[in-house]
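A.B. asks: Residue numbers 1 to 141, in the working numbering, belong to the letters of the sequence shown in order.
Ideal Cβ positions, reconstructed from N, Cα and C, are used throughout, including at glycine.
The structure displayed is predicted, hence computed values, not measured ones.
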Amino acid sequence: MRDSAEHPDSIARLESVSKVYHGGGGRVVALDRLTLSIPPGLTVLAGPSGCGKSTLINLLGALDFPTSGTIEVGGIRIDELDETGLDRFRRRSVGIVFQFFHLMPNLTVAENIGLPIAIAGNNPDTESARITELAEKLGIA
């Protein structure tokens with residue numbers, strides 16, 4: 001991967017990333033040698049169905065792995081992390097709202113927001129101000 005000085009403001013960088021799926025329908029190339037630098041701030045990812053948007057998000061969130069190439073997010077080479085490192089990266093650095101998300105119906109809004117806090121080993125009760133702030137930002141307070 002190129003020197004970080006080349007892209008000092010990037011929050012994520014992909015270098016020659018390819019992702020190929022193999023299945024009953026044969027070989028599908030979802031990404032083909034993608035090189036991309038993502039700046040901080042608002043980034044929109046748009047395109048037709050099947051063009052690789054979800055694949056890219058899954059790779060950036062370490063939910064899937066590239067067939068080839070390198071991925072760096074927040075200065076961390078996620079394609080080189082072991083399982084423990086991946087767990088730590090996902091827990092501390094990744095937040096994805098899926099297109100078809102599912103909340104826990106038996107939990108309140110605040111409890112759903114606090115769930116990742118609890119999974120990370122922290123007490124959601126001590127984070128109530130942060131949970132309220134997030135709910136307000138999302139317009140669900």
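#1: Leaving out five residues before and five after T35 in sequence, what residues of the same chain have Cβ atoms less than 7 Å from its Cβ?
#2: Taking 8 Å as the threshold, find out whether the stretch 76 to 86 comes into contact with the stretch 101 to 111 through three or more Cβ pairs.
#3: Within 10 angstroms of the Cβ of K19, are there 16 or more other Cβ atoms? Answer buried if so, exposed if not.
#4: If you drop the 5 nearest sequence neighbours on each side, which residues of the same chain put their C-beta closer than 8 Å to that of G95?
#5: I140 lies in the alpha helix (DSSP H); which residues open and close that run?
#6: Which value, in whole angstroms, describes the spacing of the CA atoms of R92 and A120?
#7: Going by CA-CA distance only, name the one from R90, T108, P105 and S10 that's closest to L63.
C.D. replies: For this structure:
#1: If we look at T35 and ignore the five residues flanking it on each side, its Cβ neighbours are L14, E15 and S16.
#2: Judged by Cβ distances under 8 Å, the stretch 76 to 86 makes no contact with the stretch 101 to 111, as fewer than three pairs qualify.
#3: By the Cβ-count criterion, K19 is buried, with 16 or more other Cβ atoms from all chains shown falling within 10 Å of its own Cβ.
#4: Around G95, the same chain offers P116 as residues with beta carbons nearer than 8 Å, after the five sequence neighbours per side are excluded.
#5: That residue, I140, is in no alpha helix (DSSP H); it is neither H nor E in DSSP.
#6: Approximately 8 Å between the Cα atoms of the pair.
#7: With respect to the C-alpha of L63, the residue from R90, T108, P105 and S10 having the closest C-alpha is R90.
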